[in-house]
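Numbering (the UniProt record's numbering), first residue to last: 1 to 340.
Pasting the structure below:
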């Protein structure tokens with residue numbers, strides 16, 4: 001149960017006499033299944049690995065009314081029951097009221113039987129179905145620029161089960177500035193007893209290319225104001241302010257507009273999910289939350305170089321080693337980079 005992918009690989013190196021199936025390999029509690037693709041990818045790498053089972057399909061919860069008469073899905077602790085496992089009965093891909101959870105989209109993507117690989121100038125398609133030809137589906141090619149659809153094509157692809165082919169991308173390269181994303185989608189061409197025509201069976205999406213603005217080379221020098229509390233840097237149509245006391249970039253004004261509400265701070269923590277809590281993450285890794293809350297930044301050096309401005313800070317973290325942070329401002333490009 002819940003064997004790690006690298007352990008499965010090691011086991012199969014020495015045991016090649018029969019297939020391997022994990023009785024459970026993913027725990028679908030709360031916001032989860034982010035690593036499911038590692039297991040489904042392994043099914044293509046090694047034919048002896050046959051996959052596994054997700055715990056579980058549907059949440060166990062009971063409809064109950066609160067003091068205001070509003071119905072909700074109740075779990076452990078909502079019935080004045082102690083001791084209790086609280087929401088540990090909610091491990092499903094589907095909520096108890098039969099609504100689909102967001103993580104079901106990841107499962108559907110990992111389990112789809114059509115593998116689509118979008119390359120720079122072509123699309124590789126593999127039909128992993130055992131009996132179904134892809135000519136039973138409609139294939140859509142959708143091109144968007146900055147999220148807005150600009151072109152769409154529809155076709156039928158004749159591809160026998162367990163075979164693969166490459167096709168050309170059916171769009172010419174655009175020159176307008178923006179991010180171009182290609183989506184390839186296979187949908188039902190007719191109604192089935194389990195879904196209507198147009199239901200998506202498989203898809204893939206990728207940023208094809210980005211057309212950028214020509215870089216503007218700024219002329220002129222940077223001027224520096226070195227004070228006891230702050231160090232200011234002024235350039236063409238912008239100014240920035242570094243704090244010696246608080247540590248870090250505290251102001252960035254471009255074209256008269258302030259872009260920083262509060263100085264950037266190091267953060268090594270994120271909100272724990274249900275599986276984290278069950279696994280003891282909030283206790284075992286709490287040191288990183290403390291480091292995020294109480295780290296102290298100190299300006300180490302400030303240098304004017306030939307190509308720009310360089311600022312170094314040291315961040316002293318409680319119970320951890322210090323982290324070195326570098327701000328670098330480029331004279332010609334008029335931008336600042338942050339490195340750790």
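By construction, the Cβ of each residue, glycine as well, lies at the ideal position given by its N, Cα and C atoms.
All of these numbers come straight from a predicted model, not from anything done at the bench.
Of all C-beta pairs linking the stretch 125–138 to the stretch 85–97, fewer than three are shorter than 8 Å, placing the two stretches out of contact. Ranking 31, 9 and 62 by CA distance to the CA of residue 107 puts 31 first. Residue environment: residue 305 is assigned as exposed (fewer than 16 neighbouring CB atoms within 10 Å of its CB, all protein chains considered). When DSSP states are grouped into helix, strand and coil, residue 75 belongs to the coil group. A distance of 8 Å or more separates the beta carbons of residue 141 and residue 208. The criterion of a C-beta distance shorter than 8 Å is satisfied by residue 243 and residue 263.
DSSP places residue 286 within a helical segment (H, G or I) once states are collapsed to three.
Contact between residue 80 and residue 71 does not hold, since their C-beta atoms are separated by about 18 Å, which reaches or exceeds 8 Å.
Burial state of residue 166 is exposed, judged by a 10 Å Cβ sphere holding fewer than 16 other Cβ atoms. For residue 278, the enclosing alpha helix (DSSP H) starts and ends at 274–278. Listed as beta-bridge partners of residue 141 by DSSP are 153 and 184. The C-alpha of residue 248 lies about 7 Å from the C-alpha of residue 297. Judged by their CB atoms, residue 136 and residue 185 are not nearer to each other than the 8 Å cut-off. Across the set 21, 44 and 60, the C-alpha of 60 shows the shortest separation from the C-alpha of residue 29. Closest by C-alpha distance to residue 200, out of 163, 139 and 210, is 139.
Bounds of the beta strand (DSSP E) holding residue 54 are 49–55. The stretch 43–53 makes contact with the stretch 6–15, as at least three CB pairs between them are under 8 Å. If you check the CB distance, residue 84 and residue 90 do not come in under 8 Å.
The alpha-carbon separation between residue 222 and residue 309 amounts to approximately 8 Å. In this structure, residue 179 lies near residue 146, with their beta-carbon atoms less than 8 Å apart.
With contacts defined by Cβ atoms closer than 8 Å, residue 110 and residue 42 do not form a contacting pair. Check the Cα spacing between residue 283 and each of 269, 116 and 250: the tightest is with 269.
With contacts defined by Cβ atoms closer than 8 Å, residue 239 and residue 253 form a contacting pair.
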